[in-house]
Structure formats: structure tokens, C-alpha cells
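Take a look at the structure set out below.
Residue numbers (our numbering): 39 to 196.
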């Protein structure tokens, strides 16, 4: 597979991207917290509003569309930003997604490599992310890409 093309999300693309991502984030939280998605929608909306108050133009955030250069076919996106974590500034991957019908072809690994390029361009020397416990495929990709666990949250239903 050749390299990915990357371009900044336009305002129009951001507007189309935002609403489904709020729903998906609430659903991921719900699956992992064993709560109803509806209960977590307000939290998801609030977090997106706090993180991206100026949408695609929020300083320090890069919202990027990944595509195949030869065909222009969109394959996914990357949301990365500078953030305080681990006692210093890091590049934080908020979201990294390959379109469902294109998974298993190496695009996820290519997007992880692109995240490193973006982090270096931002002048950062550490990259971090959070992954939900039920996402075994992503956890495997991150581990095989050199990421290691720095914390683990656990819960028990009573």
C-alpha cells in the first residue's frame, strides 16, 4: 500500500462529521460503562463543545481526512491535538478511524504512522491516546505500533 493523502477537514466536512461522532462517542461510553446511550448524550455533546469550541478552526487541534492519493477515495480520519498529559505536553489522538468497509487493509497502521508525523510537526515528542476496554482490535493495533499502557480503569457491576 502506498502512503495516505491527508487534508484538513473543511467546515462542511466537520459539520457532517460532528453529529455522528457525538452519537458514537456516547455509544462507546455506554457500552463500557453499561449505561444507556441516551444517558450519556449530554456528556458527549458537552465534551465535544468544550474540546472544539471553534469547530475545525479550534487552535491546537488537527482534524484531518485520509484518502488514497491515486483515487481520491476517502478512507477515514484523524483527530489529534496538543494536550497536557503525563506531566507535560503530548500529542493526543482523540479519534482515529478507518471506514468500516476498508478495515484490515493496513490503513489503520498508516493512520497511526501519520499521527506520529503530525505530532512531530507540532513539535511534540510524545503521543498518547485512550482506548475503550472493549475495542480489542484497536488495542492490538496500538500495541503492535509500540504503544504501552500507562493506566487502566476497571469496574465491577453490583
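Note that CB positions come from ideal geometry on N, CA and C, so glycine has one too.
Just verifying my parser: in three-state terms, what is the DSSP assignment at residue i?
i	result
residue 53	helix
residue 74	coil
residue 170	coil
residue 58	helix
residue 187	coil
residue 39	Only weak support exists for where residue 39 lies, its pLDDT of 47 falling under 50; the value from the coordinates is given anyway. Residue state, collapsed to three classes: coil.
residue 125	coil
residue 89	helix
I'd like to confirm the pairing. Which residues does DSSP put opposite residue i in its beta bridges?
i	result
residue 119	99 and 130
residue 45	103
residue 29	The question about residue 29 has no answer here: the residues shown for the chain are numbered 39 through 196.
Starting from residue i, trace the alpha helix (DSSP H) in both directions and tell me its first and last residue.
i	result
residue 181	174-182
Is it buried or exposed for residue i, if we count other Cβ within 10 angstroms and need 16 for buried?
i	result
residue 30	This structure cannot speak to residue 30, because the chain is shown only from 39 to 196.
residue 100	buried
residue 81	exposed
residue 131	buried
residue 138	exposed
residue 103	buried
residue 175	exposed
residue 156	buried
residue 196	exposed
Completely contained beta strand (DSSP E) runs for the segment 134-166, where each covers 3 or more residues: none
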